[in-house]
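In this note's numbering, the protein residues as written are 1056 to 1430.
Right, dumping it as structure tokens:
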């Protein structure tokens, strides 16, 4: 039986959460089952990765603003031409922006569309609302939280199916990855390292982490904080604001801003505690499952899909969002209780392996594709 030809439509070619899921799917597909190609709506580093590293047919169009109706129609037609000339069986679009183009192109070409929705939809978002009226045979939601929002926006439209994103489960022993990560980051063997790995953006809560860590750093001289990541899409002024906050709190010399890292898995393994601190409800927590897979204890801000991932007191701790005092208390308790910290880390690794493996995510997506395309 020939493999299914699937065209992925991704709105961005810079690495964010949705793009990491897309890249994992593209890399993990069994090519005897799915033969992927990819179309980016804008240029960026992922174009070369797909073309050169993954060896995929890769296309880029400059998608116009939605208000430019004529150019938008031309862009949709361009994607529809790719579908027809490439004899594509199914179009998979990421995010609402991707589905506004990919879903319409699939309709023009007479092919089924799948929309992988990575954010909680609401009528307050014009793009999410518009996209919900573009035909899709199935909407994949990355969590029950996202699925419930999608159903509220347009309950009569396509079936919504939850497939949690996965992460690559490291094959190397944690001790090896931890040693390599600590050496790369300059963390001494006797230091207690707390960190957050996320793009620099107010909603990610790095300021909450810095305020919480300030209490920890003043109380425990062997502790230090690492802020892992960079700004994305020129989100805000966090790149300059956060170091100034650390300076104001008197801990700048013990806070490391790593910038972008290619070795995030090693960086997470190097930490003693990884923090998720989003101040608004997140549709998923990719950074959470990556830290758990790395074998590191996690503390997460409550809300959104967090409780679909973390069982409080079993494989992680949960604190109220935006509450730096509660976070400081949690960090101090884990600093002083290595046995509990190690227990949470071990259980978290089991959770990641059993429930959030990228291989299993890919298999579920492939099964969905096969159910939608007659063979």
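Ideal placement from N, C-alpha and C gives every residue a C-beta, glycine not left out. Keep in mind it's a predicted model, so treat the numbers as computed, not measured.
- Contact between the segment 1250-1260 and the segment 1319-1337 is present: 3 or more CB-CB pairs across the two stretches fall below 8 angstroms.
- Here residue 1183 is buried, its C-beta having at least 16 other C-beta atoms within 10 Å.
- In the displayed model, residue 1139 falls within a helix according to three-state DSSP.
- About 5 angstroms separates the Cβ atoms of residue 1412 and residue 1224, confirming a contact at the 8 angstroms cut-off.
- Inter-segment contact for the segment 1146-1159 and the segment 1187-1196 is present: three or more beta-carbon pairs are separated by less than 8 angstroms.
- About 7 angstroms separates the beta carbon of residue 1101 from that of residue 1070, a gap short enough to meet the 8 angstroms contact definition.
- Contact between the segment 1310-1328 and the segment 1233-1248 is established, with three or more Cβ pairs separated by less than 8 angstroms.
- For the segment 1112-1170, the full-length beta strand (DSSP E) segments reaching 3 residues or more read 1113-1115, 1145-1149 along the chain.
- In the DSSP assignment, residue 1331 falls within the unbroken beta strand (DSSP E) covering 1328-1331.
- Scanning its chain for C-beta atoms nearer than 7 angstroms, with the 5 sequence neighbours on each side dropped, one finds around residue 1407 the residues 1222, 1224, 1344, 1347, 1348, in chain order.
- With a threshold of 16 other beta carbon atoms within 10 Å, residue 1197 meets it and is buried.
- Around the beta carbon of residue 1370, 16 or more other beta carbons lie within 10 angstroms, which makes this residue buried.
- Spanning the alpha carbons of residue 1267 and residue 1351 requires a straight line of approximately 19 angstroms.
- Every alpha helix (DSSP H) stretch that sits fully inside the segment 1314-1356 and reaches 4 residues is listed by chain position as 1319-1325, 1341-1348.
- The Cβ-Cβ distance between residue 1337 and residue 1361 falls below 9 angstroms.
- Beta-bridge pairing by DSSP links residue 1424 to no other residue.
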